Structures are given as structure tokens and as C-alpha cells.
Amino acid sequence: MGKNKKIMIGIVALLISIMACTGIFAYLSAQTGKINRFTFGENVIETDEHFPDPDPKPGGTVEKDVKVKNTGDVPCFVRTKILFSNDDAESVSTLDINTADWEKNNTDGYYYYKHILPVNVSTSSLMKTVKIADNADLDGLDDFDIIVYSESVQSDGYTDAQYLEAFKGLTH
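If you read the sequence shown in full-length UniProt numbering, its first letter stands for residue 1, the second for the next number, and so on.
Encoded structure:
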């Protein structure tokens, strides 16, 4: 084998080695990236009550208009619980519940708004009045509060009719 042939084989071997190293380096150092941006919706509600100074009388009614407003930036479902601070007061009071738009779940005691609540929109009134029983003995009744507690959950992925299912993740 001639000297030129040996040099040629050496040069070819060197070039093959360089190309192999370049390929391996390219393979090991190759990077690809994709930025995934997540934005989180803020689910915020406010309970809006119109409850002027009550003056309950047997057989009378007291105004208590309760609505919930979505002040967040995502549509949501709403549920509300109404509690009395005094059992005697609860026994002589009847709530005027809007059953067309709200449904009571007797298992958990919440009233569920039957519709998705869009951003910056209020529910229809859950109730507008509290009726006092005709035979109520208000002299023996201590002062009491009617407590309104509301919760919400994002409605994304649910239909209007799935308001109960949307809250199941919160209770299990």
C-alpha cells in the first residue's frame, strides 16, 4: 500500500470520526422547548342582601332579599345555605324561597342555583321575605340572626343542568 493511500485512508477515517462526533454532539445537545402558559381563573362571589331594620310581628313579613353576584373572572355555579342563630326563631319563620331558579338539596341543606352564573352577573333572588307565624310569641324570643353562607365552583366543563355534580368534588 502506497504512502498516498495510507494518508488518504487516514484523512477519510479522520473525517468520519469528526462527522460521528459532530452527530453525537448534535444529538446530545439538541434542545427543543415549548412554553406552556397557564392562566388561573379567579372564582369570587359576593352575597348581596337587602335587609332593612326588621320589625317582626306575628303574621307579618320581613323583607330579606338575598342574591349572589359573580365578581370573579370565570363563570361559576353557586350554592347557599341559610341558617338561623336561634331554633325558636326558625320555628316561627317561613322563608319565601324562589324554587323556579333555586333547588334545595335536603342531604346537605344547601340551595343550589340552577344556572351557570356569568361574570359580573347576580343570581335571581333566593328569597325576598321571611314570614312570621300568626301564633308567634315574639316577647319570649331572643334577638336572632339569619345567616346566609354561599359557596361557588367554576362551571367550566359542565352544562347548566349539572350544578349538583359540579360541587361533588368539594364534598368528597
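C-beta atoms are modelled at their ideal positions from N, C-alpha and C, and glycine is treated no differently. Remember, predicted model here, so these are calculated numbers, not experimental data.
Check your understanding: What first and last residue would you give for the beta strand (DSSP E) that runs through E46?
Key -> The residue you call residue 46 lines up with position 46 of the sequence shown. Run containing E46: I45 to H50, per the beta strand (DSSP E) assignment.
Practice item. Answer with buried or exposed for N77, where buried requires no fewer than 16 other C-beta atoms within 10 angstroms of its C-beta. Key: Taking the sequence shown and counting its residues from 1, one reaches residue 77 at position 77. It should be noted that the sequence gives Phe, not Asn, for residue 77. Its Cβ being crowded by 16 or more others within 10 Å, F77 is buried.
**Study point:** 7 angstroms CB neighbourhood of Y90 in its chain, flanking five on each side removed
**Key:** Indexing the sequence shown from 1 puts residue 90 at position 90. Sequence check: residue 90 is Glu here, not Tyr. These residues qualify, in order along the chain: F84.
Check your understanding: In terms of residue numbering, what span does the beta strand (DSSP E) encompassing S85 cover?
Key -> Counting from one through the sequence shown, the residue named residue 85 turns up at place 85. It is not in any beta strand (DSSP E) - S85 carries neither H nor E in the DSSP assignment.
Exercise for review: Tell me whether the beta-carbon of K64 lies closer than 9 angstroms to the beta-carbon of H50.
Suggested key: As a position in the sequence shown, residue 64 is number 64, starting the count at 1. As a position in the sequence shown, residue 50 is number 50, starting the count at 1. Going by C-beta atoms, K64 is nearer than 9 angstroms to H50.
Exercise for review: Measure the C-alpha to C-alpha separation of D73 and S155 and round it to an integer number of angstroms.
Suggested key: Mapped onto the sequence shown, residue 73 falls at position 73. Mapped onto the sequence shown, residue 155 falls at position 155. Rounded to the nearest whole angstrom, the CA to CA distance from D73 to S155 is 12 angstroms.
Review point. When burial is assigned at 16 or more other CB atoms within 10 Å of the CB, is P52 buried or exposed?
Key: Within the sequence shown, residue 52 is the residue found at index 52, counting from 1. So P52 counts as exposed.
Review point. If A133 sits next to P54, beta carbons under 8 angstroms apart, how far is it from one beta carbon to the other, in whole angstroms?
Key: The residue given as residue 133 occupies position 133 in the sequence shown. The residue given as residue 54 occupies position 54 in the sequence shown. Wrong, their Cβ atoms sit about 15 angstroms apart, outside the cutoff.
**Study point:** Outcome for A161 when other beta-carbon atoms lying within 10 angstroms are tallied against a minimum of 16
**Key:** For the purposes of this step, residue 161 is taken as residue 161 along the sequence shown, with counting starting at 1. Counting other Cβ atoms within 10 Å of its Cβ, A161 stays below 16 and is therefore classed as exposed.
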